[in-house]
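Here's the structure we're looking at; comments come further down.
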Amino acid sequence: MRAVARGAAFVAGLLTGGVVAGVALARVTARTRVECRAQAAEADRSHRSEQELLTKLRALDAAKTDFMATVSHELRTPLTSISGYVELLRDAEHDELSDAQQRMLEVIARNARRLRELIEDILTLSRIENGGFRSQPGEVDFAEVVERALAEIGPAATKASVGVHAEVRGPLPLRGDGVQLDRVLANLLSNAVKFTPAEGTVTVRARHDNGEAVLEVADTGMGIPEDEQNALFLRFFRATNAIRRAVPGTGLGLAICHKIVDNHGGTILVDSIENVGTTVTVRIPAVW
Amino acid sequence: MTVVLVADDDADIRDLVAFKLEQAGFEVIAVEDGQTALDQARSRQPTLAVLDVSMPGLSGIDVCRMLRSDPATAGMLIIMLTARVQEQDVEGGFSAGADDYVTKPFSPRELVSRIQSLLSRARA
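Okay, here's the thing in structure tokens:
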């Protein structure tokens, strides 16, 4: 497990590197503007060196993306064998394995699934963190995105005995990436259901407000301890109460949501009281 | 018995797929590289080929393209296995002429049902 943790920290470091590069890019641009006004020749020289820096940063970013694809490939291959052979064993005749052995296989299968989710999430983050879109942004009806996610979460909510109430006032047209917005909705709804005990409720509201599409996902779940709320969007962060109750998760879901909403020029806010519930509010400009 | 060719350079995955397919009643030819896959596909004419995308030498995509361009093997059903999920990899596989695409890690059970559905579609 130590190797996996180290790997995760390494990848997190890489991701952070991308953010630092982004900030550096922003600084370079701001500085260039000032110097242009001051001294043309000096500005020209610094512009050239900054162009070189930009080129270097872009090359670094491309190398990182390439590295992430390779890492993902290298991790997926052994994972295929682990989860594949576990499936073969679990499919064996029932009297071939004891109950204790079946339970052990269950643990291996669950953890293989968790590793797979981690790989997927890390890849998604590395793809979107520099503002990249999976596809060309186009016109998306946000109300449809919400309806799709509601339909998909249905079975999981029923299984967990969590009631889902929805109030969607569409259409909510905006310019964006439908696939990424699907991901935001899937993450938010699955969180709400996952952290809400049986007989609890999840309320989803979507409406238009002052040039923005507004989404609220409110649950009556375990909530997030107050002193941990500002860390919610950090990569690999998991609330202590979630860990204590062994709620599964990668700690990357909200970081992904935050980045996608940010790429759409929007905001995401979390309002939570421990043991009472959590409300996540997403606002995305209709036109940007 | 329906003959299926399985090509993957990872021995564990090759054995996994072969075991599951034999259990499902197929006759399996298992090979570890693209060139052998191509040779076996030409000489033994399997109904279906499961090709790993990244193999040393000829990749699964190369093999797929070569099988499609040869009239003797052009009609073979082909499923690609890949550990890469980037869109361009999936598109690359389909543009080479693959009938289906399975991403690693995959469930052996799901792979068998994909194979069966491809076979029944081909027979229809």
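Line by line, the protein sequences are chains A and B.
Read left to right, the first sequence gives residues 35 to 322 (our numbering).
Read left to right, the second sequence gives residues 374 to 497 (our numbering).
The C-beta atom is built at its ideal place from N, Cα and C for all residues, glycine as well.
Fair warning: this is a prediction, and the values are worked out from it, not measured in the lab.
Asked	Found
Does any residue of chain A bring its CB to less than 8 Å from the CB of Arg457(B)?	yes
Please determine if the segment 390-401 of chain B and the segment 301-318 of chain A are in contact, where contact requires at least 3 C-beta pairs separated by less than 8 Å.	no
Using a Cβ-Cβ distance under 8 Å, would Thr284(A) count as near chain B?	no
Looking at the structure shown, is Met453(B) part of a helix, part of a strand, or coil, going by DSSP?	strand
Per the contact definition of three or more C-beta pairs closer than 8 Å, is the segment 293-302 of chain A in contact with the segment 187-198 of chain A?	no
Express the C-alpha separation of Arg150(A) and Val251(A) in angstroms, rounding to a whole number.	27 Å
Taking only the alpha-carbon atoms, compute the straight-line gap between Leu266(A) and Arg487(B) and give it to the nearest angstrom.	40 Å
In three-state DSSP terms, what is Ser486(B)?	helix
Cβ of Leu450(B) within 8 Å of Cβ of Leu421(B)?	yes
Hey, is His107(A)'s beta-carbon within less than 8 Å of any beta-carbon in chain B?	yes
Using a Cβ-Cβ cut-off of 7 Å (strictly less than) and excluding sequence neighbours within five positions of Ala200(A), which residues of its own chain qualify?	Leu184 and Val238
Among Asn145(A), Thr158(A), Asp155(A) and Gly210(A), which one has its Cα closest to the Cα of Gly172(A)?	Gly210(A)
In the segment 106-139 of chain A, which residues sit with their C-beta less than 9 Å from some C-beta in chain B, listed in chain order?	Ser106, His107, Glu108, Leu109, Arg110, Thr111, Pro112, Leu113, Thr114, Ser115, Ile116, Ser117, Gly118, Tyr119, Glu121, Leu122 and Asp125
According to DSSP, which residues form a beta bridge with Leu424(B)?	Ala380(B) and Met453(B)
Which whole-angstrom value describes the C-beta separation of Thr99(A) and Ser160(A), a residue pair presumed to lie in contact below a C-beta threshold of 8 Å?	6 Å
Take Val179(A) as the anchor and find which of Arg148(A), Ser195(A) and Val202(A) has the nearest alpha-carbon.	Val202(A)
Counting only the same chain and skipping the five closest in sequence on each side, list residues whose C-beta sits under 8 Å from that of Arg482(B).	Lys393
Among Asp125(A), Glu186(A), Glu262(A) and Pro231(A), whose alpha-carbon lies nearest the alpha-carbon of Asp140(A)?	Reading off the sequence, residue 140(A) comes out as Glu, not Asp. Of Asp125(A), Glu186(A), Glu262(A) and Pro231(A), the residue nearest in Cα terms is Asp125(A).
Using a cut-off of 8 Å between C-beta atoms, extract the partners of Arg150(A) located in chain B.	Pro478
Relative to the alpha-carbon of Glu308(A), which residue among Met256(A), Ile162(A) and Val295(A) has its alpha-carbon at the smallest distance?	Met256(A)
Rounded to a whole number of angstroms, what is the C-alpha to C-alpha distance between Thr254(A) and Thr409(B)?	59 Å
If we define contact as Cβ-Cβ less than 8 Å, is Ala103(A) a contact residue for chain B?	yes
CA-CA distance, His298(A) and Pro319(A)?	8 Å
Using 8 Å as the limit for Cβ to Cβ distance, is Ile488(B) near chain A?	no
Would you kindly check if the distance between the Cβ of Asp155(A) and the Cβ of Leu286(A) is under 8 Å?	yes
Give the residues of chain A in contact with Leu389(B), contact being defined as C-beta atoms less than 8 Å apart.	Thr114, Ser115, Gly118, Tyr119 and Leu122
What in chain A is Cβ-close to Phe392(B), meaning under 8 Å?	Leu122
Considering Cα atoms alone, identify which of Gly430(B), Ala391(B), Gly470(B) and Pro419(B) is closest to Met374(B).	Pro419(B)
For Ala97(A), I'd like the list of residues in its chain whose CB is within less than 6 Å of its CB, leaving aside the five on either flank, ordered along the chain.	none
With a floor of 4 residues, list each alpha helix (DSSP H) that falls wholly inside the segment 259-306 of chain A, ordered by position along the chain.	274-278 and 287-297
Is the CB of Ile386(B) under 8 Å away from at least one CB in chain A?	yes
How many whole angstroms separate the CB atoms of Asp382(B) and Asp406(B), which I take to be in contact at a CB cut-off of 8 Å?	6 Å
Would you tell me roughly how many angstroms separate the C-alpha atoms of Met35(A) and Ser80(A), rounded to the nearest one?	Residue placement at Met35(A) is flagged as unreliable, the pLDDT there being 36, under the threshold of 50; a coordinate-derived value is accordingly withheld.
How about Asp383(B): is its C-beta nearer than 8 Å to some C-beta of chain A?	yes
Out of curiosity, what's the CA-to-CA distance linking Asp385(B) and Tyr119(A)?	9 Å
Which residues does DSSP pair with Val202(A) in a beta bridge?	Ala240(A)
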